[in-house]
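Take a look at the structure set out below.
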Amino acid sequence: MQLLAIVSFLAASVASAAVTPHSIESQAFVDAVGLSPTAKLLDLVYAEGKQIYTCTSGAYVNTAEAKLYYNYRRAKKSLGTHYFVGGFPQWKFASDDDGDDEVLISGKRLNVNATVAGTGNIPWVLLQVTNLVNTDEASAATGSTHIVRAKTIKGVNPNAAVPCTEGAVQTSAYTAMYYFYKA
0 MQLLAIVSFL AASVASAAVT PHSIESQAFV DAVGLSPTAK LLDLVYAEGK QIYTCTSGAY
60 VNTAEAKLYY NYRRAKKSLG THYFVGGFPQ WKFASDDDGD DEVLISGKRL NVNATVAGTG
120 NIPWVLLQVT NLVNTDEASA ATGSTHIVRA KTIKGVNPNA AVPCTEGAVQ TSAYTAMYYF
180 YKA
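0 is the number of the first residue of the sequence shown in numbering that gives the first Met the number 0; add one for each residue after it.
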């Protein structure tokens, strides 16, 4: 009888769970980043790298460099890189050994949520895809319209409160998950 009650409870719990296009994330996640509730998750990657803060005209300008992996355990081979060109974030994925098939995605910031990231961590960010160059139609990132940087660890400017000297560069190691969505 007790086993039947447990099975009934579990079945009811599964039946009442809302299934969303964000199958691995909660509605709170969607709300925190400002993502459309109908957006469909296409892919996610783990990033490990550094945030780069360069003093320009008396203020720090933020860029980044990171390697991209399919999981936080860092597969032996990197999937690609994340970097900035002209102040805009880029994600470049090479899908084969010779580098012929690749996906290059550019984005621009739409929304920032520093609160959910926690003290000492760079903010979660919602970005809109502004350009997608794809020579690999099999890529999961094909069709991406939005990118979310979330689950960030560290990466804040260690000297943000100190006046900067023109050209001075500060770096801070960080990790994050990048989620690629089609809205």
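We put the beta carbon where it would ideally sit given N, CA and C, even for glycine.
Closest in alpha carbon position to T118, among K66, K107 and N156, is N156. Taken through DSSP and simplified to helix, strand or coil, A63 comes out as strand.
For A149, the enclosing beta strand (DSSP E) stretches over residues H145 to K153. About 6 Å separates the CB atoms of V32 and A149; that is less than 8 Å, so the two are in contact. By the neighbour-count criterion, in which a residue is buried when 16 or more other Cβ atoms sit within 10 angstroms of its Cβ, T114 is exposed.
Counting along the chain, the unbroken alpha helix (DSSP H) around V29 starts and ends at Q26 to V32. A straight-line Cα-Cα distance of about 7 Å links E101 and K91. DSSP places A116 in the coil class of the three-state scheme, outside both helix and strand. Here G154 has Q50, I121, S171 and Y173 as same chain residues with Cβ atoms under 6 Å from its own Cβ, once five neighbours each way along the sequence are excluded. The closest CA to that of A159, considering only A58, Y82 and N110, is found on A58.
When rounded, the separation of the alpha-carbon atoms in V124 and A93 is 24 Å. Here A27 is exposed: its Cβ has fewer than 16 other Cβ atoms, across all protein chains shown, within 10 Å. DSSP places I121 in the coil class of the three-state scheme, outside both helix and strand.
Counting only residues of its own chain and dropping the five nearest sequence neighbours on each side, L126 has a CB closer than 8 Å to the CB of P88, G106, K107, R108, L109, H145, I146, V147 and R148. At a Cβ-Cβ threshold of 8 Å, D42 and A140 count as neighbours.
S171 is bridged by DSSP to Q50. Nearest in C-alpha terms to L103, of all of D30, Q169, N133 and V60, is N133. For N112, the CB contacts under 7 Å within the same chain, skipping 5 residues up- and downstream, are A31, V32, P122 and W123 in chain order.
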